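*Asks:* Read top to bottom, the protein sequences are chains Z and P. Take the first sequence: its position 94, counted from the start at 1, is 93 in numbering that gives the first Met the number 0, and no numbers get skipped. Take the second sequence: its position 221, counted from the start at 1, is 220 in numbering that gives the first Met the number 0, and no numbers get skipped. Note that the Cβ used here is the ideal one computed from N, Cα and C, for glycine as well. The model shown is predicted, which means the values in this text are computed figures rather than measured ones.
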Amino acid sequence: MSIIVRNVTKRFGDFVALDDVSVDIPSGSLTALLGPSGGGKSTLLRIIAGLEQPDSGTVVIDGSDATGTPVQSRNVGFVFQHYAAFKHMTVFKNVAFGLEIRKWPKDKARARVMELLELVHLEQFAERYPAQLSGGQRQRMALARALAVEPGVLLLDEPFGALDAQVRQELRRWLRRLHDQVHVTTLFVTHDQEEALEVADSIAVIAGGTVQQVGPPDELYDAPANDFVMSFLGPVTRLGGEVVRPHDIDLVATPGPDTVEATVVRVVRLGFEIRVDLLIEGEEAWVQLTRSTAERLTLTDGATVYARRAAVTVATAGA
Amino acid sequence: MAKHSLRWVALAYVTLLLLLPLGLVTWRTFEHGLSPVIDALTTSEAGHAFQVTAVVSVLAVVLNTVFGVTASVLLVRHEFPGRRLLNAAIDLPIAVSPVVVGLALILVYGKFEPIGRWLDHRGIGIIYAVPGMVLATVFVSLPLVVRAVAPVLEEIGTDQEQAARTLGASGFQTFRRITLPAIRAAVGYGVVLSLARCIGEFGAVAVVSGRIVGQTQTATLFVQERFENFDQPAAYAASFTLAMTAVVALVLTRYLRLKGQR
Numbered sequence: 000m001s002i003i004v005r006n007v008t009k010r011f012g013d014f015v016a017l018d019d020v021s022v023d024i025p026s027g028s029l030t031a032l033l034g035p036s037g038g039g040k041s042t043l044l045r046i047i048a049g050l051e052q053p054d055s056g057t058v059v060i061d062g063s064d065a066t067g068t069p070v071q072s073r074n075v076g077f078v079f080q081h082y083a084a085f086k087h088m089t090v091f092k093n094v095a096f097g098l099e100i101r102k103w104p105k106d107k108a109r110a111r112v113m114e115l116l117e118l119v120h121l122e123q124f125a126e127r128y129p130a131q132l133s134g135g136q137r138q139r140m141a142l143a144r145a146l147a148v149e150p151g152v153l154l155l156d157e158p159f160g161a162l163d164a165q166v167r168q169e170l171r172r173w174l175r176r177l178h179d180q181v182h183v184t185t186l187f188v189t190h191d192q193e194e195a196l197e198v199a200d201s202i203a204v205i206a207g208g209t210v211q212q213v214g215p216p217d218e219l220y221d222a223p224a225n226d227f228v229m230s231f232l233g234p235v236t237r238l239g240g241e242v243v244r245p246h247d248i249d250l251v252a253t254p255g256p257d258t259v260e261a262t263v264v265r266v267v268r269l270g271f272e273i274r275v276d277l278l279i280e281g282e283e284a285w286v287q288l289t290r291s292t293a294e295r296l297t298l299t300d301g302a303t304v305y306a307r308r309a310a311v312t313v314a315t316a317g318a
Numbered sequence: 000m001a002k003h004s005l006r007w008v009a010l011a012y013v014t015l016l017l018l019l020p021l022g023l024v025t026w027r028t029f030e031h032g033l034s035p036v037i038d039a040l041t042t043s044e045a046g047h048a049f050q051v052t053a054v055v056s057v058l059a060v061v062l063n064t065v066f067g068v069t070a071s072v073l074l075v076r077h078e079f080p081g082r083r084l085l086n087a088a089i090d091l092p093i094a095v096s097p098v099v100v101g102l103a104l105i106l107v108y109g110k111f112e113p114i115g116r117w118l119d120h121r122g123i124g125i126i127y128a129v130p131g132m133v134l135a136t137v138f139v140s141l142p143l144v145v146r147a148v149a150p151v152l153e154e155i156g157t158d159q160e161q162a163a164r165t166l167g168a169s170g171f172q173t174f175r176r177i178t179l180p181a182i183r184a185a186v187g188y189g190v191v192l193s194l195a196r197c198i199g200e201f202g203a204v205a206v207v208s209g210r211i212v213g214q215t216q217t218a219t220l221f222v223q224e225r226f227e228n229f230d231q232p233a234a235y236a237a238s239f240t241l242a243m244t245a246v247v248a249l250v251l252t253r254y255l256r257l258k259g260q261r
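1. Which residues mark the beginning and the end of the beta strand (DSSP E) in which Z:ASP156 is found?
2. Applying the criterion that 16 or more other CB atoms from any shown protein chain within 10 Å of the CB defines a buried residue, is Z:MET229 buried or exposed?
3. Tell me, please, which residues DSSP counts as bridged to Z:ALA83.
4. Run through the segment 163 to 222 of chain P for me and flag every whole alpha helix (DSSP H) of 4 or more residues, listed as ranges in chain order.
5. How about P:VAL250 and P:VAL186: are their beta carbons less than 8 Å apart?
6. Starting from P:LEU106, follow the alpha helix (DSSP H) in both directions and report where the run begins and ends.
7. Less than 7 Å between C-beta atoms, sequence neighbours within five positions excluded: which residues of the same chain meet that for P:THR178?
8. Residues in the segment 120 to 143 of chain Z with C-beta within 7 Å of chain P's C-beta atoms, listed in sequence order?
9. At a CB distance below 7 Å, what residues from the segment 94 to 106 of chain Z approach chain P? Give them in sequence order.
10. Buried or exposed: which applies to Z:LEU162, given that a residue is buried once 16 or more other Cβ atoms fall within 10 Å of its Cβ?
11. Taking only the alpha-carbon atoms, compute the straight-line gap between P:ILE211 and P:ALA128 and give it to the nearest angstrom.
12. To which residues does DSSP link Z:GLN212 through a beta bridge?
13. Answer yes or no: does any C-beta atom of chain Z fall closer than 8 Å to that of P:VAL182?
14. Do Z:ILE60 and Z:LEU186 have their beta-carbon atoms positioned less than 8 Å apart in this structure?
15. Report buried or exposed for Z:PRO69, applying the criterion of at least 16 other Cβ atoms within 10 angstroms of its Cβ.
16. Let me see if you follow: with CB-CB separation under 8 Å, is P:ARG256 close to chain Z or not?
17. Using a Cβ-Cβ distance under 8 Å, would Z:ALA161 count as near chain P?
18. Comparing C-alpha positions only, which one of P:ARG83, P:GLU44, P:VAL107, P:ALA248 sits nearest to P:LEU134?
19. DSSP three-state call for Z:ASP106: helix, strand or coil?
20. Let me make sure I understand the geometry here. Which of Z:THR57, Z:LEU116, Z:GLU114 has the alpha-carbon closest to that of Z:SER21?
21. Starting from Z:GLY76 and walking both ways along the beta strand (DSSP E), at which residues does that stretch end?
22. Compute the Euclidean distance between the alpha carbons of P:ALA242 and Z:ALA130, then round it to the nearest angstrom.
23. To the nearest angstrom, how far is it from the Cα of Z:THR297 to the Cα of Z:ALA252?
24. Please report the straight-line C-alpha distance between P:LEU5 and P:THR14, rounded to a whole angstrom.
25. Between Z:GLY317 and chain P, is there a C-beta pair that is closer than 8 Å?
26. In the structure shown, what three-state DSSP assignment does Z:GLU126 receive?
27. Taking Cβ to Cβ, would you say P:LEU102 is nearer than 8 Å to P:ASN86?
28. Is it buried or exposed, Z:LYS40, if we count other Cβ atoms within 10 angstroms and call 16 or more buried?
29. Note the first and the last residue of the continuous alpha helix (DSSP H) segment covering P:ARG27.
30. List, in chain order, every chain P residue whose beta-carbon is nearer than 9 Å to that of Z:ARG87.
31. With distances taken Cα to Cα, identify the nearest neighbour of P:VAL95 among P:LEU141, P:GLY109, P:SER71.
32. For Z:GLY240, which of helix, strand or coil comes out of DSSP?
33. For Z:GLN138, which option in Z:ARG111, Z:VAL166, Z:ILE46 has the closest C-alpha, if you only look at C-alpha atoms?
34. Could you give the C-beta distance for P:GLU200 and P:THR173, rounded to a whole number, given that I count them as a contact under 8 Å?
35. What first and last residue would you give for the beta strand (DSSP E) that runs through Z:ASN6?
36. Would you say P:ASP38 reaches chain Z, if we count a Cβ-Cβ gap shorter than 8 Å as a contact?
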């Protein structure tokens, strides 16, 4: 089911959380709402769910206007950053909650719950309480609970934000695989650009209460609409007054027609990646090199090398 | 050394104020064995007094539990004009003397006051009857359930409730299935605390009840009346029973607190 957000504005007192935001989420996609905290992405997600009311604008879910529909009738699955597990219920009861509210027959509900617990690999934990689960397991339970009621859309608010790095990695891949299996239109909020690039089909960058750019990950990375999107999606540095990606700068030993002279300030080895801090015409810059490239140059502190822009990733508007 | 002397001060304080008097009541109660105690407590007057206390306390606690849970949800989950005022008003009974509460109730519900007269004409007596005593008891124990429940409600946050709403639960279903189980231990704690307070209430009830022996006399009023009539055995026996009820309530609240922390 598709989601269409039209001209949504939301204020909290004097603070404008969303300023005339419009965005289309195609049916069956996995979309990330990416942006810095306080940028309005969570508010947008909560408005789509019906947990917040917009001051103006409309939310259309699956072709019908849902703006005035109360949250319990919207048929959305929502996953919270801090799991929102029902602490006094077993894992089974948690997942069965939505089905019980919908008065599913007991045996049918049981079969559905077990099917979902298998999907999230928690079938062994059906009789446990949330307190007896790890953070990752709790979030998988919350996902099963949201999916149990066969929601039209699945909304996840920083779903991996409270987990440690390794579990987060694992759950990201798992969410991607799950979406390939279940195909429910999914929208997730994140402030982690790596997470968005890895998991999503499409990314909407939201900052300062407005949508900065929407598109597939590659497009956003290679053709960012502005400097903000460019710097938010990956590392940037400056060369000749332009914002460039540090891996788009070549270093060579001899000067050429399109090179500028640079002084090596510091060389940092990060495993396979070599990071070189430079001073170019009095301005600080840095370059990302592979180990083999770095070995072809003499990179000692104070050495002189020549820098050249290799590829063309620049913001299409406003530099 | 300072640490030790502090301990001794604290211990002496508790002993002189609490342990010694309570110990003496217990000793005086059982001074002549068990049978005088049983005799003193099985008179029809004593039985009736404890019965009145039970009726008044249970009614007051039921009313305050319903009010307390509702007020907690209102105070913690809703923004509305007058919220601060309600919050402050709930604590008022702690500051106001129970005797003043009793007098104030007579001023509103007494037979010679407008509201009291109106009710009296319809056959409803408030003052010098059980309804007035329940009102007085409700007033003095008003904050106990709210102050037990509100912080827990604050602490559990709104995530679980919102999750229930997105899963299709109505406001009432969410309250019954999610909120209520989460605050159950706190409600229990508030109820036991209120019950102990209600059973022990003296001042407000003394004013509004008229202290009619065999009719509106509660257990605490019974203790005072027996003591003034030089029937110490009955006074001590009833006091001991009241003290034991308080101890049981205390143990219960500790248990409920531990349960709430899990």
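*Replies:* In short:
1. Locating residue 156 of chain Z in the first sequence gives position 157, where the first residue counts as 1. Per DSSP, Z:ASP156 belongs to the beta strand (DSSP E) from 152 to 156.
2. Against the first sequence, residue 229 of chain Z aligns to sequence position 230. So Z:MET229 ends up on the buried side.
3. Taking the first sequence and counting its residues from 1, the one referred to as residue 83 of chain Z is at position 84. Per DSSP, none; premise fails for Z:ALA83.
4. Complete alpha helix (DSSP H) runs here, min 4: 170 to 173, 179 to 199, 202 to 208.
5. Within the second sequence, numbered from 1, the residue matching residue 250 of chain P stands at position 251. Within the second sequence, numbered from 1, the residue matching residue 186 of chain P stands at position 187. In terms of Cβ geometry, P:VAL250 and P:VAL186 do not form a close pair [threshold 8 Å].
6. The residue you call residue 106 of chain P lines up with position 107 of the second sequence. Counting along the chain, the unbroken alpha helix (DSSP H) around P:LEU106 starts and ends at 97 to 108.
7. Reading the second sequence from its first residue, position 179 is the one you call residue 178 of chain P. Contacts found: GLU160.
8. Residues: none.
9. Closer than 7 Å at the C-beta level to chain P, one finds these residues of the segment 94 to 106 of chain Z: PHE96, GLY97, ILE100, ARG101.
10. Here residue 162 of chain Z refers to the residue found at position 163 of the first sequence. The residue in question, Z:LEU162, is buried, as its Cβ has 16 or more Cβ neighbours within 10 Å.
11. As a position in the second sequence, residue 211 of chain P is number 212, starting the count at 1. As a position in the second sequence, residue 128 of chain P is number 129, starting the count at 1. Cα-Cα distance, rounded: 9 Å.
12. If you number the first sequence from 1, residue 212 of chain Z lands on position 213. DSSP lists Z:VAL204 as partners of Z:GLN212.
13. Taking the second sequence and counting its residues from 1, the one referred to as residue 182 of chain P is at position 183. Note on identity: in this sequence residue 182 of chain P is Ile, with Val being the wrong assignment. By this cut-off, P:ILE182 is not an interface position.
14. Residue numbering aside, residue 186 of chain Z sits at position 187 when the first sequence is read from its first letter. Residue numbering aside, residue 60 of chain Z sits at position 61 when the first sequence is read from its first letter. Contact flag unset, no.
15. The residue given as residue 69 of chain Z occupies position 70 in the first sequence. Z:PRO69 is exposed by the Cβ-count criterion.
16. The count along the second sequence starts at 1 and reaches residue 256 of chain P at position 257. Chain Z contact via Cβ: absent.
17. Along the first sequence, read from residue 1 onward, the residue named residue 161 of chain Z stands at position 162. Taking Cβ atoms only, chain P never reaches closer than 8 Å to Z:ALA161, which makes this a no.
18. Within the second sequence, numbered from 1, the residue matching residue 134 of chain P stands at position 135. Out of P:ARG83, P:GLU44, P:VAL107, P:ALA248, P:VAL107 has the C-alpha closest to the C-alpha of P:LEU134.
19. On the first sequence, residue 106 of chain Z is found 107 positions in, with the first residue counted as 1. Residue state for Z:ASP106 is assigned as helix, using DSSP reduced to three classes.
20. Mapped onto the first sequence, residue 21 of chain Z falls at position 22. Looking from the CA of Z:SER21, the closest CA among Z:THR57, Z:LEU116, Z:GLU114 belongs to Z:THR57.
21. Translated into positions along the first sequence, residue 76 of chain Z becomes position 77. For Z:GLY76, the enclosing beta strand (DSSP E) starts and ends at 75 to 78.
22. Here residue 242 of chain P corresponds to residue number 243 of the second sequence, with the count starting at 1. Here residue 130 of chain Z corresponds to residue number 131 of the first sequence, with the count starting at 1. Taking the straight line from one Cα to the other gives about 39 Å.
23. For the purposes of this step, residue 297 of chain Z is taken as the residue at position 298 of the first sequence. For the purposes of this step, residue 252 of chain Z is taken as the residue at position 253 of the first sequence. Whole-angstrom Cα-Cα distance: 8 Å.
24. The sequence position of residue 5 of chain P within the second sequence is 6, counting from 1. The sequence position of residue 14 of chain P within the second sequence is 15, counting from 1. Using only the alpha carbons, I get a separation of about 14 Å.
25. To locate residue 317 of chain Z, count along the first sequence from 1; it is residue 318. Residue confidence for Z:GLY317 is low, a pLDDT of 43 falling below 50, so the modelled location carries little weight; the figure read from the coordinates is stated next. Z:GLY317 does not count as touching chain P.
26. Residue mapping note: residue 126 of chain Z aligns to position 127 of the first sequence, counting from 1. Residue state, collapsed to three classes: coil.
27. If you number the second sequence from 1, residue 102 of chain P lands on position 103. If you number the second sequence from 1, residue 86 of chain P lands on position 87. With respect to the 8 Å criterion, P:LEU102 and P:ASN86 are not classified as neighbours on the basis of their beta carbons.
28. Position 41 of the first sequence, counted from the start, is the residue given in the question as residue 40 of chain Z. Burial of Z:LYS40 is indicated by the presence of at least 16 other C-beta atoms within 10 angstroms of its C-beta.
29. Translated into the one-based positions of the second sequence, residue 27 of chain P becomes position 28. In this chain, the alpha helix (DSSP H) harbouring P:ARG27 covers 19 to 28.
30. The residue given as residue 87 of chain Z occupies position 88 in the first sequence. Residue 87 of chain Z is actually His in this sequence, not Arg. Within 9 Å Cβ-Cβ: ILE177, PRO180, ALA181, ARG183.
31. Along the second sequence, read from residue 1 onward, the residue named residue 95 of chain P stands at position 96. Taking P:VAL95 as reference, the option from P:LEU141, P:GLY109, P:SER71 with the minimal CA-CA separation is P:LEU141.
32. For the purposes of this step, residue 240 of chain Z is taken as the residue at position 241 of the first sequence. For Z:GLY240, the secondary structure class from DSSP, reduced to helix, strand or coil, is coil.
33. Position 139 of the first sequence, counting from 1, holds the residue named residue 138 of chain Z. Nearest C-alpha to Z:GLN138 among Z:ARG111, Z:VAL166, Z:ILE46: Z:VAL166.
34. By one-based count along the second sequence, residue 200 of chain P stands at place 201. By one-based count along the second sequence, residue 173 of chain P stands at place 174. Their Cβ separation, rounded to whole angstroms, is 36 Å, which puts P:GLU200 and P:THR173 out of contact at 8 Å.
35. Numbered from its first residue, the first sequence carries residue 6 of chain Z at position 7. From DSSP, the beta strand (DSSP E) with Z:ASN6 extends over 2 to 11.
36. On the second sequence, residue 38 of chain P is found 39 positions in, with the first residue counted as 1. Chain Z, which has no Cβ nearer than 8 Å to the Cβ of P:ASP38, makes this no.
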